[in-house]
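Input: a single structure, listed below in structure tokens.
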Amino acid sequence: MSKVRVLVGTHKGAFVLTSDGKREKWEVSGPHFAGWEIYHVKGSPADPNRLYASQTSGWFGQIIQRSSDGGKTWETPGGGLKPSPGGMPTGESNKFAYDTSVATGKPLTTHQWYDGTQHPWEFKRVWHLEPSLTDPDTVYAGVEDAALFRTTDGATSWQEIPGLRGHGTGPRWQPGAGGLGLHTIILDPSNPKRIFIAISAAGAFRTDDGGITWRPINRGLRSEHIPDPTAETGHCVHHVAMHPKRPGVLFMQKHWDVMRSDDAGDQWREVSGNLPTDFGFVIDIHAHEPETIYVVPIKSDSEHFPLEGKLRVYRSRSGGNEWEPLTKGLPQSDCYVNVLRDAMAVDALDSCGVYFGTTGGQVYASNDSGDNWSPIVSNLPAVFSVEVQTLQ
Amino acid sequence: MIQVVLPAHLRTLAHVGSEISIEVAGPATQRAILDAIESTYPMLRGTIRDHVTQERRPFLRFFACQEDLSHESPDAPLPEAVSSGKEPFMIIGAIAGG
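Protein chains in written order, with my numbering: chain A, 7 to 398; chain B, 34 to 131.
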């Protein structure tokens, strides 16, 4: 019997929601790490019981937590009570130090600040954890200020992949309203050396050599908030999604505009079509229908809530342009929540489940591809992220 | 032994009670105390002072003997009452929203 495990990161802790394949009754576990901001929790595709969580705090900084039993117990890797064989314990699971070595190319010292001046890179937190598709001990971390890190020892230690910040456009990256965060990491299942990432507000980038060299993939994007609306970088990309069986096709929710690329990001075209507003944060793809995509339109960049107080998921079954509102079970009056960029996910069951969390603390689920919705939980702290594991 | 009071979240992280006892080699200073804490409880590395700069995290304060020692040199000797264990060295989270 299949099971589903939903991993929820919130403003004040993490929650694990589990159900059988019917996805009608749910067990709620949590809060884990109560009182801490949990930006992201994600499981390893290679070992579903291996989970990683980004735990952060304005007071105490960044912690990385790891579970090897599906979230029942957690540990801080490398931060145990026993010293390492060499003497001092390492305790570096929460150490994200930017690469400043000469040997790895061009260490950067500044990026663009809100006012256009240059500003030093300062590590703040991990926004997104992306476990390897094949190795439970390898994980990529997207951080603020934007950089990509990797661990190959189960999060005991982290090293920057410096080619991203060092490829040349870094000094032109600028923070979005939420900070200069690297929030999207997509590993190409058909090509282990290809990785896509996205940064607010720099844009999308791709490597084809495992992270050594990177290039911007923002051609076709248009952003009116930057001096050159079609510049190579500077676009506020909110999220990017890829169907694992069609890795050359990408869908993007930009600050404004829903975009599509059919050539791995070399060129983008707008597919906002008949959406009532094309501002938003999340975008995701049906598990079995690569042309079926989901977004949650948000009124505007200054009014982060649904239009008319109606929470509507929009679904396109044609890969964009033609969209239909999905409303059954969702509040259709007086709803002023937001759905943040990492707060939507799908399961892989035959009838695809779709899940999203809100800043009002609800996690909504549909077990029929979005036709009908119901809340799994209704009163959590503000939801930052939602990930789903389909378990056998 | 020096007594140290940790903020609640760090107690949870280190699996300890409200007060911990640590031994410091040499004169008792802020740096010596933090070195000893991080050696005994490595999961606290980076949570009290920055990993790279070694500076106190901005929303934390150090109190002892009813004095704010946050802006003292990390190598300045601490009061005798702290080094003798009569008074605790307190690590306090600044009161702030959220």
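Backbone N, C-alpha and C fix where the C-beta goes; we use that ideal spot for every residue, glycine too. Keep in mind it's a predicted model, so treat the numbers as computed, not measured.
Buried/exposed call for residue i, threshold 16 Cβ in 10 Å
{"i": "residue 34(B)", "result": "exposed"}
{"i": "residue 117(A)", "result": "buried"}
{"i": "residue 151(A)", "result": "buried"}
{"i": "residue 49(A)", "result": "buried"}
{"i": "residue 387(A)", "result": "buried"}
{"i": "residue 119(A)", "result": "exposed"}
{"i": "residue 85(B)", "result": "exposed"}
{"i": "residue 194(A)", "result": "buried"}
{"i": "residue 398(A)", "result": "exposed"}
{"i": "residue 121(A)", "result": "exposed"}
{"i": "residue 113(B)", "result": "exposed"}
{"i": "residue 80(B)", "result": "buried"}
{"i": "residue 441(A)", "result": "Since the first residue shown for chain A is 7 and the last is 398, residue 441(A) is missing from the structure and cannot be characterised."}
{"i": "residue 275(A)", "result": "exposed"}
{"i": "residue 198(A)", "result": "exposed"}
{"i": "residue 92(A)", "result": "The pLDDT assigned to residue 92(A) is 44, lower than 50, so where the model puts this residue is not dependable; a value taken from the coordinates is nonetheless given after this. By the 10 Å Cβ count, residue 92(A) comes out exposed."}
{"i": "residue 239(A)", "result": "buried"}
{"i": "residue 13(A)", "result": "buried"}
{"i": "residue 124(B)", "result": "buried"}
{"i": "residue 372(A)", "result": "buried"}
{"i": "residue 90(B)", "result": "buried"}
{"i": "residue 121(B)", "result": "buried"}
{"i": "residue 106(A)", "result": "exposed"}
{"i": "residue 50(B)", "result": "exposed"}
Identified DSSP bridge partners for residue i
{"i": "residue 380(A)", "result": "371(A)"}
{"i": "residue 26(A)", "result": "9(A)"}
{"i": "residue 104(B)", "result": "DSSP, once it has assigned bridges, lists no residue as partnering residue 104(B)."}
{"i": "residue 131(A)", "result": "150(A)"}
{"i": "residue 157(A)", "result": "145(A)"}
{"i": "residue 67(A)", "result": "63(A)"}
{"i": "residue 270(A)", "result": "BP columns for residue 270(A) are empty, so no partner."}
{"i": "residue 33(A)", "result": "24(A)"}
{"i": "residue 285(A)", "result": "262(A), 304(A)"}
Any C-beta of chain E under 8 Å from that of residue i
{"i": "residue 104(B)", "result": "Protein chains in the displayed structure are A and B, and chain E is not among them."}
Item to check | In chain order, each beta strand (DSSP E) run of at least 3 residues that lies wholly inside the region 301 to 363 of chain A | outcome: Counting only runs of 3 or more, we get 319 to 322, 330 to 332, 350 to 352, 360 to 363.
Item to check | Cβ contact check for the region 379 to 392 of chain A and the region 45 to 62 of chain B: 3 or more pairs under 8 Å | outcome: The region 379 to 392 of chain A is not in contact with the region 45 to 62 of chain B.
Next on the checklist: Across the region 202 to 220 of chain A and the region 270 to 285 of chain A, are there enough close Cβ pairs to call them in contact, namely three or more that are closer than 8 Å?
Outcome noted: Yes: the two stretches touch, three or more of their Cβ pairs being nearer than 8 Å.
Checklist entry - Which residues, in chain order, does the region 39 to 51 of chain B contribute to contact with chain A at a C-beta distance below 9 Å? => result Answer in chain order: 40, 41, 42, 43, 45, 46, 47, 48.
Checklist entry - For the region 36 to 54 of chain A against the region 139 to 155 of chain A, are there 3 or more C-beta pairs whose distance is under 8 Å? => result Touching, yes.
Checklist entry - Would you say the region 348 to 358 of chain A touches the region 325 to 338 of chain A, given that touching needs at least three Cβ pairs under 8 Å? => result They do not touch, by the three-pair rule.
Checklist entry - Between the region 235 to 246 of chain A and the region 158 to 165 of chain A, do three or more beta carbon pairs fall short of 8 Å? => result Remark: fewer than three beta-carbon pairs, one from each stretch, lie closer than 8 Å, so the region 235 to 246 of chain A and the region 158 to 165 of chain A are not flagged as touching.
Checklist entry - According to a CB-to-CB cut-off of less than 8 Å, which residues of the region 149 to 176 of chain A neighbour chain B? => result Residues passing the 8 Å Cβ filter: none.
Item to check | Three CB pairs or more closer than 8 Å across the region 241 to 249 of chain A and the region 286 to 303 of chain A | outcome: Between the region 241 to 249 of chain A and the region 286 to 303 of chain A there are three or more C-beta pairs closer than 8 Å, enough to call the two in contact.
Next on the checklist: Please give the ranges of any beta strand (DSSP E) in the region 194 to 236 of chain A, keeping only runs that are unbroken, at least 3 residues long and fully inside the region.
Outcome noted: Annotation: the region 194 to 236 of chain A contains the following complete segments of the beta strand (DSSP E) (minimum length 3 residues), in chain order: 201 to 206, 209 to 213.
Checklist entry - For the region 37 to 101 of chain B, which segments carrying the alpha helix (DSSP H) assignment without a break, of at least 4 residues, lie completely within its bounds, in sequence order? => result Counting whole runs of 4 or more residues, the region 37 to 101 of chain B contains the alpha helix (DSSP H) stretches 41 to 47, 63 to 73.
Item to check | Where the region 82 to 93 of chain B meets chain A: residues whose CB sits under 7 Å from a CB there | outcome: Taking 7 Å as the upper bound on Cβ-Cβ separation, chain A lies near residues 84, 85, 90, 92, 93 of the region 82 to 93 of chain B.
Next on the checklist: With three or more C-beta pairs closer than 8 Å as the rule, is the region 310 to 328 of chain A touching the region 273 to 281 of chain A?
Outcome noted: Touching, per the Cβ criterion.
Checklist entry - Taking contact to mean at least 3 C-beta pairs separated by less than 8 Å, is the region 96 to 110 of chain B in contact with the region 121 to 135 of chain A? => result Not touching, per the Cβ criterion.
Checklist entry - Taking any Cβ of chain A, which residues in the region 63 to 79 of chain B have a Cβ under 9 Å from it, in chain order? => result So the close ones are 71, 72, 73, 74, 75, 76, 77, 78, 79.
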